[in-house]
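**Student:**
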């Protein structure tokens, strides 16, 4: 089942912050975040493997609440280059707690940053 | 991370014909997946390409329509058969090493007229 992302779209001015949420109905092994610009393949941003894990990448960070099966992507002090569509990809856990390997992607969040 | 070469990068095909997309990886990889991205939509998994055995297809995708080959650990093909305009999409090859991220090829943009 496809994870649910919110919001569907965000419009920001340069320097503003945004949060994108990703929620799954399944037990998760990991959450992956990607950004895709028009006409290009998705580009990997970060992967979160453990419950409660939080990672950072310059001004982009993410958290993963394993118990709630949710992840959030935080973009701070946004730049024009942050514009694009953000996808979360979720990797479900098997009954034994291992991964099936494949990702199921959310419907995407369109982020637009204006000068 | 792996270097993934996907060919062709784009093609325009007539309905009723078939197109085979190639995916070459610069290192051996266990997990290889084919995704489809219809215009303005998210990425949908078509199938997992298994080396030495039949691909594992997701619900809504069948082997007759999307036959997949995986002759070795570095190469796979996806064929889109008997195409219709509804098959116009971007098709993406992707690979994953264990707990690593999923890496994508540059995609094949297919237009069916």
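Protein chains in written order, with this note's numbering: chain A, 7 to 121; chain B, -8 to 104.
Built from N, CA and C at the ideal position, the CB exists for glycine as well.
Use the C-beta contact count for residue 9/A: other C-beta atoms within 10 angstroms, 16 or more gives buried, fewer gives exposed.
**Tutor:** buried
**Student:** Between the Cα of residue 74/A and those of 83/A, 52/A and 37/A, spot the shortest distance and give me the residue it belongs to.
**Tutor:** 37/A
**Student:** Residues of chain A with CB under 8 angstroms from residue 63/B, in chain order?
**Tutor:** The premise fails here: residue 63/B is roughly 18 angstroms from chain A at the closest Cβ pair, so nothing lies under 8 angstroms.
**Student:** Please confirm whether residue 7/A and residue 93/A have their CB atoms less than 9 angstroms apart.
**Tutor:** The answer is no: Cβ separation not under 9 angstroms.
**Student:** Look at residue 125/A and residue 88/A and say whether their C-beta atoms are less than 9 angstroms apart.
**Tutor:** Residue 125/A lies beyond the residue range present for chain A, which begins at 7 and ends at 121; the question has no answer from this structure.
**Student:** Just checking: is the beta-carbon of residue 70/A within a distance shorter than 9 angstroms of some beta-carbon in chain B?
**Tutor:** no
**Student:** Quick check on this structure: which residue in 32/B, 63/B, 64/B and 55/B has the alpha carbon closest to the alpha carbon of residue 72/B?
**Tutor:** 55/B
**Student:** Can you name, in chain order, every residue of its own chain whose Cβ lies under 6 angstroms from the Cβ of residue 97/A, other than the five neighbours on each side?
**Tutor:** 35, 36, 105 and 109
**Student:** Say whether chain B places a C-beta atom closer than 9 angstroms to the C-beta of residue 13/A.
**Tutor:** no
**Student:** Sorted by chain position, which residues of the same chain lie with C-beta nearer than 6 angstroms to residue 29/B's C-beta, five sequence neighbours on each side aside?
**Tutor:** If we look at residue 29/B and ignore the five residues flanking it on each side, its Cβ neighbours are 80.
**Student:** If you count every other CB in all the chains shown that lies within 10 Å of the CB of residue 86/A, and 16 or more means buried, which is it?
**Tutor:** exposed
**Student:** Below 7 angstroms CB to CB, which residues in the same chain sit around residue 51/A once its five sequence neighbours on both sides are set aside?
**Tutor:** 39, 40, 41, 63 and 66
**Student:** Out of 101/B, 66/B and 88/B, point me to the one whose CA is closest to residue 77/B's CA.
**Tutor:** 101/B
**Student:** Distance, Cα to Cα, residue 23/A vs residue 97/B?
**Tutor:** 30 angstroms
**Student:** Among 24/B, 18/B, 62/B and 68/B, which residue has its Cα nearest to the Cα of residue 47/B?
**Tutor:** Put simply, of 24/B, 18/B, 62/B and 68/B the residue whose alpha carbon is nearest the alpha carbon of residue 47/B is 24/B.
**Student:** So that I know if they touch, is there some Cβ in chain B lying closer than 9 angstroms to that of residue 86/A?
**Tutor:** No - not a single Cβ of chain B is within 9 angstroms of the one on residue 86/A.
**Student:** Using Cβ-Cβ distances below 7 angstroms, what residues of the segment 13 to 43 of chain B are close to chain A?
**Tutor:** 22, 24, 33, 34, 36 and 39
**Student:** For the candidate residues 82/A, 55/A and 84/A, whose alpha-carbon lies nearest to that of residue 70/A?
**Tutor:** 55/A
**Student:** How would you list, in chain order, the residues of chain B whose beta-carbon sits under 8 angstroms from the beta-carbon of residue 53/A?
**Tutor:** 90, 91 and 92
**Student:** Give a yes or no on whether the minimum CB-CB distance between residue -2/B and chain A is below 9 angstroms.
**Tutor:** no
**Student:** Give me the Cβ distance between residue 37/B and residue 49/B, rounded to the nearest whole Å; I'm assuming they're in contact under 8 angstroms.
**Tutor:** Right, their Cβ atoms sit about 6 angstroms apart.
**Student:** Between residue 30/A and the rest of its own chain, which residues show a CB-CB distance below 6 angstroms, the 5 nearest in sequence each way excluded?
**Tutor:** Excluding positions up to five away in sequence, the list reads 9, 75 and 96.
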